[in-house]
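Residue numbers (our numbering), protein chains in the order written: chain A, 1 to 490; chain B, 1 to 490.
Backbone N, C-alpha and C define an ideal beta-carbon position, used for all residues, glycine too.
Remember, predicted model here, so these are calculated numbers, not experimental data.
The next block holds one structure in the form of C-alpha cells; read it before the comments.
There are 2 protein chains.
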Amino acid sequence: MKKIPSTISPIVAVNKRARKSLYRQVYDAYRGAIVDGSLCPGQRIPSTRVQALEIGISRTPVLNAYEQLLAEGYFESRVGSGTVVSRSLAERVTVFPATSASAKRARPRRVSKRCSISSTREDLHRRLHVESSVGSQVAFEHFPLRIWNRLVTRHSRNLQADFLDYGDPIGLKELREAIAAYLRTARSVHCEAEQILIVSGSQQGLEISARVLLDPGDRVWMEEPCYAFARSVFAYNGCRIVPVPVDAEGLNVIAGMKKCRNARAALVTPSHQFPLGTTMTASRRLQLLDWAERNGSWILEDDYDSEFRYEGMPVASLQGLDRNSRVIYIGTFSKVLFPALRLGYVVIPADLVERFLAVRLAMDICPASFPQMVLADFIREGHFSRHIRRMRAVYAERRSALIESIHKELGPAAEIQGAEAGMHLSIILKGISDREIAARAARQGTSLVPLSLLYTGKPTRQGFILGFGSTTVKEIPDAVHKLRIALDLK
Amino acid sequence: MKKIPSTISPIVAVNKRARKSLYRQVYDAYRGAIVDGSLCPGQRIPSTRVQALEIGISRTPVLNAYEQLLAEGYFESRVGSGTVVSRSLAERVTVFPATSASAKRARPRRVSKRCSISSTREDLHRRLHVESSVGSQVAFEHFPLRIWNRLVTRHSRNLQADFLDYGDPIGLKELREAIAAYLRTARSVHCEAEQILIVSGSQQGLEISARVLLDPGDRVWMEEPCYAFARSVFAYNGCRIVPVPVDAEGLNVIAGMKKCRNARAALVTPSHQFPLGTTMTASRRLQLLDWAERNGSWILEDDYDSEFRYEGMPVASLQGLDRNSRVIYIGTFSKVLFPALRLGYVVIPADLVERFLAVRLAMDICPASFPQMVLADFIREGHFSRHIRRMRAVYAERRSALIESIHKELGPAAEIQGAEAGMHLSIILKGISDREIAARAARQGTSLVPLSLLYTGKPTRQGFILGFGSTTVKEIPDAVHKLRIALDLK
Numbered sequence: 001m002k003k004i005p006s007t008i009s010p011i012v013a014v015n016k017r018a019r020k021s022l023y024r025q026v027y028d029a030y031r032g033a034i035v036d037g038s039l040c041p042g043q044r045i046p047s048t049r050v051q052a053l054e055i056g057i058s059r060t061p062v063l064n065a066y067e068q069l070l071a072e073g074y075f076e077s078r079v080g081s082g083t084v085v086s087r088s089l090a091e092r093v094t095v096f097p098a099t100s101a102s103a104k105r106a107r108p109r110r111v112s113k114r115c116s117i118s119s120t121r122e123d124l125h126r127r128l129h130v131e132s133s134v135g136s137q138v139a140f141e142h143f144p145l146r147i148w149n150r151l152v153t154r155h156s157r158n159l160q161a162d163f164l165d166y167g168d169p170i171g172l173k174e175l176r177e178a179i180a181a182y183l184r185t186a187r188s189v190h191c192e193a194e195q196i197l198i199v200s201g202s203q204q205g206l207e208i209s210a211r212v213l214l215d216p217g218d219r220v221w222m223e224e225p226c227y228a229f230a231r232s233v234f235a236y237n238g239c240r241i242v243p244v245p246v247d248a249e250g251l252n253v254i255a256g257m258k259k260c261r262n263a264r265a266a267l268v269t270p271s272h273q274f275p276l277g278t279t280m281t282a283s284r285r286l287q288l289l290d291w292a293e294r295n296g297s298w299i300l301e302d303d304y305d306s307e308f309r310y311e312g313m314p315v316a317s318l319q320g321l322d323r324n325s326r327v328i329y330i331g332t333f334s335k336v337l338f339p340a341l342r343l344g345y346v347v348i349p350a351d352l353v354e355r356f357l358a359v360r361l362a363m364d365i366c367p368a369s370f371p372q373m374v375l376a377d378f379i380r381e382g383h384f385s386r387h388i389r390r391m392r393a394v395y396a397e398r399r400s401a402l403i404e405s406i407h408k409e410l411g412p413a414a415e416i417q418g419a420e421a422g423m424h425l426s427i428i429l430k431g432i433s434d435r436e437i438a439a440r441a442a443r444q445g446t447s448l449v450p451l452s453l454l455y456t457g458k459p460t461r462q463g464f465i466l467g468f469g470s471t472t473v474k475e476i477p478d479a480v481h482k483l484r485i486a487l488d489l490k
Numbered sequence: 001m002k003k004i005p006s007t008i009s010p011i012v013a014v015n016k017r018a019r020k021s022l023y024r025q026v027y028d029a030y031r032g033a034i035v036d037g038s039l040c041p042g043q044r045i046p047s048t049r050v051q052a053l054e055i056g057i058s059r060t061p062v063l064n065a066y067e068q069l070l071a072e073g074y075f076e077s078r079v080g081s082g083t084v085v086s087r088s089l090a091e092r093v094t095v096f097p098a099t100s101a102s103a104k105r106a107r108p109r110r111v112s113k114r115c116s117i118s119s120t121r122e123d124l125h126r127r128l129h130v131e132s133s134v135g136s137q138v139a140f141e142h143f144p145l146r147i148w149n150r151l152v153t154r155h156s157r158n159l160q161a162d163f164l165d166y167g168d169p170i171g172l173k174e175l176r177e178a179i180a181a182y183l184r185t186a187r188s189v190h191c192e193a194e195q196i197l198i199v200s201g202s203q204q205g206l207e208i209s210a211r212v213l214l215d216p217g218d219r220v221w222m223e224e225p226c227y228a229f230a231r232s233v234f235a236y237n238g239c240r241i242v243p244v245p246v247d248a249e250g251l252n253v254i255a256g257m258k259k260c261r262n263a264r265a266a267l268v269t270p271s272h273q274f275p276l277g278t279t280m281t282a283s284r285r286l287q288l289l290d291w292a293e294r295n296g297s298w299i300l301e302d303d304y305d306s307e308f309r310y311e312g313m314p315v316a317s318l319q320g321l322d323r324n325s326r327v328i329y330i331g332t333f334s335k336v337l338f339p340a341l342r343l344g345y346v347v348i349p350a351d352l353v354e355r356f357l358a359v360r361l362a363m364d365i366c367p368a369s370f371p372q373m374v375l376a377d378f379i380r381e382g383h384f385s386r387h388i389r390r391m392r393a394v395y396a397e398r399r400s401a402l403i404e405s406i407h408k409e410l411g412p413a414a415e416i417q418g419a420e421a422g423m424h425l426s427i428i429l430k431g432i433s434d435r436e437i438a439a440r441a442a443r444q445g446t447s448l449v450p451l452s453l454l455y456t457g458k459p460t461r462q463g464f465i466l467g468f469g470s471t472t473v474k475e476i477p478d479a480v481h482k483l484r485i486a487l488d489l490k
C-alpha cells in the first residue's frame, strides 16, 4: 500500500448559505473524494478540530460527518494513528477509471434473451399505437363519475386503519362475490367466489395464467390475427406461438390440430374475436373443448368486451360449456368501466386456485384494496348493470352511424366484419396494402390501425380496425370521410 | 349419423315464476340438452308453435330462443326440413362422457414446471405467514388518514374524463418527478424522473427487473439469509440462486466470487439487510460495484425501509456510488406509507428504460392513475416528509422499548442485530432450534418468525425476527415476556 503523507488535506468546500446542512456537505465531500480516488485507503484525515478550523465552521458538523463516515466504513480510527481512509477499501482495485464512458462501451450490457427479442423500440411504439387507438375505445364522457366519486368519498371517510395493510392476495371477498354473481347470470360462467382472482386487467390475467400453465418452449395456439399485447405475454414467457386461422366460425380447430395437435394451450376470444369480431360457433366451441380435454391442454378465454352485444342476446361463455375445467376465463373492467381503474379477474379451475395464488404472490403480492371496495359497491348497488344498459344504447347508436357512413362513403368495396358486439369493427378491403394506406393517412393526420399488423405470420386479409366507442355520432361521418380520402377511392 | 325420430320432443321445463326470463330458460334447456348429449346432431326440433303449446307459454320467447340457438350454431334450419340440431356438431366425438370425473383423473392436469416446483401449499402458507408477521410492520394508527382522504376527495371531485383512460406505462409524470426529487435529496440516488418506473411495490419492481435482465438458468447472488418473497421471484423466473453469506459488513463479496464469480446479478439490501439488519460497509459496496462492472453483472438494490434510521444519518444508496449504471434501485411506499396502496418504484439505468417499459406493458400495461395522483400531491405538499419525521420518532420509541425489554427478559443470551434502522430487528440465540420454539410458541398462541426459515441453504444462525412497527410501547413488554416463556428461559 502506498503511504501518503498525512499533511495533505483534502479540499472540503462548504457553502454556508446552501440548503444542504454543513454536516451533509462535509460528509459528501469526503465520500466523493474517496469514491473518485482522490483520497486513498490508509490516507490520514485531519482531526475534526483542524478540519473545522480549515473550513471555517464549528466543530459539531465535522464531528457528525466523521462519525457517519466511520459508521459506514469510509473512515477507520485506530488508537495512536488517528483517523484514516479505511484500509479495507484497498481490497478493491481501482473501481472507477477516468475512462468510465469508454469502459461502459467495452462491457456488454447484456439483458435477458427473451427481452432482447421482443422489445425493439419500434415494436414497443407500434404496440402502444394499436393499444391507444383500439384498446381504449371507451365513451368516457358517459361514465357516471358523480356516482363513482360518491362511493369513493364514502369509502374514503369510513376507511379503517386495518384496510391499509396488505389485502387478500386473491382479492377482496365482497368484490369476488359480486363478480361471481354477475358472471353466473350474465355470462353463464360456472364459478364460485373462491375461484375468482382479482388482477389488474386482462393483461395481468393472461400473464399469471401463462406462468402457471406454460413452460418456455411450450406451444400455444393463438388466433390469427390477434391482439398484439396478448402475443407479447407468451413471447416473454418463452412460448412458441402457433398462429391458427380464424374464419367466419371463429378459430379453425381442425387447422390448429393439423399445425400442432400437441399445443399446451389455446388463447381465444370466442365472444367477439379480436380483431375480426367473429363469434365462435357452438360446433367450434365443442371441438375446441374436446381437443383440450383429449390433449390435456388449457384454454384461455379472453372475454374482454362481450357485455356490449347488439344482435341477439349475449353469447354464453365457453367456460360455461366446459365440463372438464380446462378453461381459464379472463375478464376486465377496462372496457366496461374504465382502463385507469386497473381491475380485472380470472376465473380459475378449482384445483388450480392455489397455484395461481402462489404466482400472484410472487408477482405483486396483492391488488390494491381501495379501488376494489369502491367497485364492489358499484356492482352491488346496481350501478354497474345500469351503466352497461346505458352504454349498450350509446355504443349501438355509434355503431349504426359508423356502418351507415361506411356504406355511404366506401360502398361495397369495404366488407364489414364483427359489428355484432364490442366497441370496434373491422373493414376488409381487397387489393390494397393497409400499411401503405395507414402511412399515407398518418401524413394527412389520420391515425389508422392496419389489420395486417395483427398477424403473426403472413397477413391473409388487409383492412382496418375501426373503434367506435369513443367517437360520437356527430364525429363519425367526418372520420369515415377522412378514411375514404386516405383510401383514395374515386 | 344416427337418425332420430323427429317426434320425440325434448323436455323443456320452464318456471313462469322464476327470475330468469322464459326466453333464457328455453335457450338454456336446449343448449344444455345438446351439450350433454341428450339431443343429437341432426335431431329434429319441434316448431316454435308446437313447442310453445307444449310448454304452455306464448310463442315469442320460444321464437327468440330459437333465433339465438340458430345464431350461435346449435340449431340449423334448412328449407323443407325444418329446424334440427346442427349436423356440424357431429364433427366432434362425444365430448362429455358420463364418467367425466374419472376422465379428469386420467388426463394429467399439467402445470408449468417452475410452478410445480415452487408453489406447494405449505410453502405458500409459510411465505404468507412471514409476510404478514414481518412484512407489514406499519403503525397504521399513525397514518394521517384525514389528510390522505382530503386529497382523495379533492382529486375525486376534480377528476376529468381523460384520466379514465390508460395512463402512461412508466407512471404519472408528477409522481415520478416528486419521487426523483426525494431520492436525490434523501437517498443520494442519481436519477431523473425519466428513469423512474412506477410499479405496485418492490415485489413487482423485482419481477420486472428479473424479466429484463435474467434468463432461465442464470445464476443470481442472494443474501443468505434473505427475504423469502424475493427468492420466489427468481425461482419462478427459472434462475439459479447462489446464497452468499452475510456478515457484520453485509454481503460477503469475496465469498460470493468464490462460489460463483459469473453470476448475472446480485440482489442486495445494503441499507438494512433483511432479515439481519446489517448496513453494508463502504468497502463492501465498492467491492460489489467493482465485481458487477468487471463481470458485466447487475445489482438489484432493494431499499425497502431505510427512511427510518435511528443511528447516524440515513445511509446513502449503493446506486449513488455506482459510476457504471449497473445498479437497479428498487423502493416501495408499502413500509413508509401503507401496503394496500400498492405503489413503489424502480430507478432504471437510462439505457434500459425502454426495455423495462416493454416488459411492464406486457405484464400489466400501466399502473392505476388515481392513487398516483393522490400520492404525488401527498409528497409535493410536504405531507410525506412530515409523516416520515413523525414516524421515525414513533418507531424509535418502540424500538427502544423493545431493546430494553429484550435486555431485561432475555439477558445476554439474546444478541440483538440490525436495530439501527427499519421496523424490525433480529435476535440471535445460540444452542436453540428456532423452528421448534416457534412451533411451541404457536401452541401457546404466540406467533414467531424463526430466522432459520429465511435461509436458502443450511441455516448458520438461529433466532427470531421481531417486528416493532405495529406493536405499541405498552404492548412490547408483554410480547417479549411471552417470547421468554416460549424460550423457556429460567
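| Query | Result |
| --- | --- |
| Chain-ordered chain A contacts of Asn149/B [CB-CB under 9 Å] | Thr153, Ser156, Arg157, Leu159 |
| Neighbour flag for Lys258/A against chain B, beta carbons, 7 Å | no |
| Cβ-Cβ separation, Phe75/B to Val85/B (assumed contact under 8 Å), whole Å | 7 Å |
| Positions along the segment 365–387 of chain B whose CB lies within less than 8 Å of some CB in chain A | Ile365, Cys366, Pro367, Ala368, Ser369, Phe370, Pro371 |
| Glu141/B at chain A interface by Cβ criterion, 7 Å | yes |
| Residue of Asn324/A, Ser200/A, Glu397/A minimising C-alpha distance to Ala419/A | Glu397/A |
| Rounded C-alpha distance that separates Glu409/B from Val480/B | 7 Å |
| Distance between beta carbons of Arg211/A and Cys115/B, contact taken as under 8 Å | 7 Å |
| Ser271/B versus Gln319/B, Ile241/B, Val253/B, residue with shortest Cα-Cα distance | Gln319/B |
| Residue closest to Glu519/A, alpha-carbon to alpha-carbon, out of Thr456/A, Pro371/A, Phe468/A, Arg187/A | There is no way to answer for residue 519/A, as the model of chain A reaches only from 1 to 490. |
| Counterpart residues of Leu300/B in DSSP-defined beta bridges | Leu267/B, Ile328/B |
| The segment 202–210 of chain A contacting the segment 370–382 of chain A, beta-carbon criterion three pairs below 8 Å | no |
| Nonlocal neighbours in the same chain, by C-beta distance under 6 Å from Glu415/B, ignoring five residues either side | Ile428 |
| Within chain A, the residues that Phe163/B reaches when beta carbons sit closer than 8 Å | Ala340 |
| Chain-ordered neighbours of Pro216/A on chain B, where CB pairs are closer than 8 Å | Pro216, Gly238 |
| Distance between Thr60/A and Val352/B (C-alpha atoms, nearest Å) | Residue identity check: residue 352/B is Leu in the sequence provided, not Val. Looking at the two C-alpha atoms, the distance is approximately 43 Å. |
| Beta-carbon gap between Pro167/A and Ile198/A smaller than 7 Å | It should be pointed out that residue 167/A corresponds to Gly in this sequence rather than to Pro. Not a contact, by the Cβ cut-off of 7 Å. |
| Beta-carbon neighbours of Cys191/B, restricted to chain A and to distances below 8 Å | The contacting residues do not exist; Cys191/B stays about 17 Å from chain A at best. |
| DSSP state of Leu197/A mapped onto helix, strand, coil | strand |
| Collapsed DSSP secondary structure at Pro450/B in the structure displayed | strand |
| Alpha-carbon spacing of Val394/B relative to Ser325/B, whole angstroms | 36 Å |
| Interface residues of chain A facing Tyr395/B [CB-CB closer than 8 Å] | Going along chain A, no residue has its Cβ under 8 Å from Tyr395/B, so there is no contact; the nearest lies around 16 Å. |
| CB contact below 7 Å: Pro494/A versus chain B | Outside the displayed span of chain A (1 to 490) sits residue 494/A, for which this structure offers no information. |
| Residue from Leu214/A, Pro108/A, Val233/A whose Cα sits closest to the Cα of Ala265/A | Leu214/A |
| First through last residue of the alpha helix (DSSP H) which encompasses Tyr27/B | 22–35 |
| Residue ranges of each beta strand (DSSP E) within the segment 158–204 of chain A, 3 or longer | 196–199 |
| Ile241/B: first and last residue of the uninterrupted beta strand (DSSP E) it sits in | 240–247 |
| Tyr66/B at chain A interface by Cβ criterion, 7 Å | no |
| Sheet register partners of Arg44/A (DSSP bridge) | Val84/A |
| Residues of its chain near Leu361/B, where Cβ-Cβ distance is below 7 Å and the 5 sequence neighbours each way are ignored | Pro169 |
| Minimum Cβ-Cβ distance from Asp108/B to chain A less than 7 Å | The question names Asp, but residue 108/B in the sequence shown is Pro. Pro108/B counts as touching chain A. |
| Pick from Arg484/A, Tyr329/A, Tyr30/A that is closest to Leu267/A, judged by C-alpha positions | Tyr329/A |
| Interface flag, Ser200/A vs chain B, CB-CB below 7 Å | yes |
| Below-7 Å beta-carbon distance, Thr281/A vs any chain B residue | yes |
| Whole runs of the alpha helix (DSSP H) within the segment 346–384 of chain A, excluding any shorter than 4 residues | 353–364, 369–380 |
| Between the CA atoms of Arg231/A and Val347/A - distance to the nearest angstrom | 21 Å |
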